[in-house]
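In the numbering used here, the protein residues as written are 685 to 1054.
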C-alpha cells in the first residue's frame, strides 16, 4: 500500500521550489554598557533594604501592649439608664413610663451653626455687563419712550408744546414768511436760542461733574480691596535706595494704593515689604520690576578690607510673595538701619523677623552659587 502511494506523493511536489530548512543559530549578544553610578546606586539600595529589614526585626512585637479597656457601660447610656452596667436594660414599655419621661422627650437638639472661616462677609455676585450694542439699544428705547410720554402730555394739554429747534441752517425752512419779513430780528432770535441751549447744556454737564471730595472717594473706592479673609504679601530686595526720586515713588505709590508697608534702608541693601490685595500687589509689582529703571543708577560699594571702592549697577528683585491671615504693619513706614542686626530689630517690632531673615538667606545662597 505504501509503495503505491509513493509515486502519487512525488507527483504532487514541485521540484522547482527549494525550501530551506529553518536554522536555529544562537543570537549574538550585544555590548550592554552600564551608566555611570548605576551599579553603585543599586548597591546602596540593596544595603538600605537590608538595614531596614534588620531594624524591623530588632523592633519587639507589640503583642503584649496594654489594650484599651472596654467600659462596663458607655457614658451616654449611663445618663439614660442611671446604672453602672447593661444588666437591667428596660423594655420599650418601661421607657414610656413616668420614670423616664424627664430624660426621653420629643425634643430634638439642633447644634449651633458656626460660620466657615473662609466665608466672605458679603455675598459675592458676578456682575453682568452689557455690550456696546445693547447699551445703545437701551438708550434708544428709553429716548423713544420719553418722547412718546412727552407727546402724550402735550396732546392732553398737561404741558405746552416744545419750541421748534431753530438753527441758522434751518432758519428759512422753520420760520418761513417771518424770516423773510424781518430777517435781522429772526437771526438775533435764533442766535439767542442757540446760546440758551448751549448754556443749558453746560449747566447740566457742570451739575453732573464730581467735586474734589467725590472724585477722591470714587478713586479710593476703586482702589480699596477686602483683606479680611487674607492679605497678599510681597518682599522686594533693592541694592540701594539712595535716589530720592525713586524712594519717593516707592513710598507714594504704596500710600496711593492704600497698602501697608515697611521699608528698611541699610548700608548694603534695602528691604521693602508690602501688604494689600491682589490688584494692589499687581500694580505695585509692575512698578517695582518694570516701570522703575533701577539699572540706570550706579552706587558706590565700600571695600570692608580697606581697598578700593567699586561702582555697581543697582537692581531690584522680588524675593517672595504669598498670603497671610492679617496685616503686620499699619500704613507706610520708612526707617534706616546701620547694620543687619538693627534692620532685623525693625521687623522684630512687628513680630515678622523672618521676612528679614529670608532676604538675607536668599542673598547668601545666591552669592554662594555665583
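From the three backbone atoms N, C-alpha and C, an ideal C-beta is built for every residue, glycine too.
Skipping 5 residues on each side, what residues in its chain have a beta carbon closer than 6 Å to that of residue i?
i	result
residue 978	998, 999 and 1000
residue 843	837
residue 923	998 and 999
residue 949	925 and 1020
residue 848	858
Alpha carbon to alpha carbon, how far is residue i from residue j?
i	j	result
residue 915	residue 1010	6 Å
residue 995	residue 716	57 Å
residue 1043	residue 956	10 Å
residue 781	residue 762	18 Å
residue 896	residue 906	15 Å
residue 746	residue 738	Unreliable positioning characterises residue 746 in this predicted model, as indicated by a pLDDT of 49, which lies under 50. The coordinate reading is nonetheless provided below. About 17 Å.
residue 981	residue 953	14 Å
residue 873	residue 815	43 Å
residue 832	residue 825	11 Å
residue 777	residue 771	17 Å
residue 754	residue 783	28 Å
residue 854	residue 835	23 Å
residue 736	residue 726	15 Å
residue 885	residue 871	21 Å
residue 1046	residue 927	24 Å
In this structure, does DSSP put residue i in helix, strand or coil?
i	result
residue 1043	helix
residue 938	helix
residue 1011	coil
residue 646	Missing from the structure shown is residue 646; the chain here goes from 685 to 1054 and no further.
residue 758	coil
residue 690	With a pLDDT of 49 at residue 690, under the threshold of 50, the modelled position of that residue is not reliable, and the figure given next carries that caveat. Reduced to three states, the DSSP call for residue 690 is helix.
residue 1024	helix
residue 1001	strand
residue 746	Low per-residue confidence applies at residue 746: pLDDT is 49, beneath 50, and the placement is therefore not dependable enough to give any value.
residue 971	helix
residue 1035	coil
residue 1017	strand
residue 724	helix
residue 929	helix
residue 944	strand
residue 736	helix
Near residue i, what residues of its chain come up, given a Cβ to Cβ distance below 7 Å and the 5 sequence neighbours on each side ignored?
i	result
residue 1006	917
residue 802	913
Tell me whether residue i counts as near the ligand PLP, meaning its Cβ is closer than 7 Å to at least one heavy atom of that ligand.
i	result
residue 932	By its list of ligands, the structure shown contains no ligand whatsoever, and the ligand PLP lies outside what it can speak to.
Might you give, ordered along the chain, the residues of its own chain that have their beta carbon closer than 8 Å to the beta carbon of residue i, omitting 5 neighbours on each side?
i	result
residue 788	764 and 779
residue 1035	1012
residue 940	907
**Message:** My parser needs the alpha helix (DSSP H) runs of 4 or more residues fully inside the region 870 to 926; what are they?
**Reply:** 896 to 907
**Request:** Could you tell me whether the region 1023 to 1033 touches the region 962 to 969, using the rule of 3 or more Cβ pairs below 8 Å?
**Result:** Contact fails: fewer than three Cβ-Cβ distances are below 8 Å.
**Prompt:** Any chance the region 1013 to 1020 sits against the region 929 to 948, with 3 or more Cβ pairs inside 8 Å?
**Reply:** yes
**Message:** With three or more beta-carbon pairs closer than 8 Å as the criterion, would you say the region 905 to 914 touches the region 884 to 895?
**Reply:** The region 905 to 914 vs the region 884 to 895: no contact.
**Asked** In chain order, which continuous runs of the alpha helix (DSSP H) of length 4 or greater are located wholly inside the region 787 to 867?
**Response** Unbroken alpha helix (DSSP H) runs of no fewer than 4 residues, entirely contained in the region 787 to 867, are found at 816 to 840, 855 to 859 and 861 to 865, following chain order.
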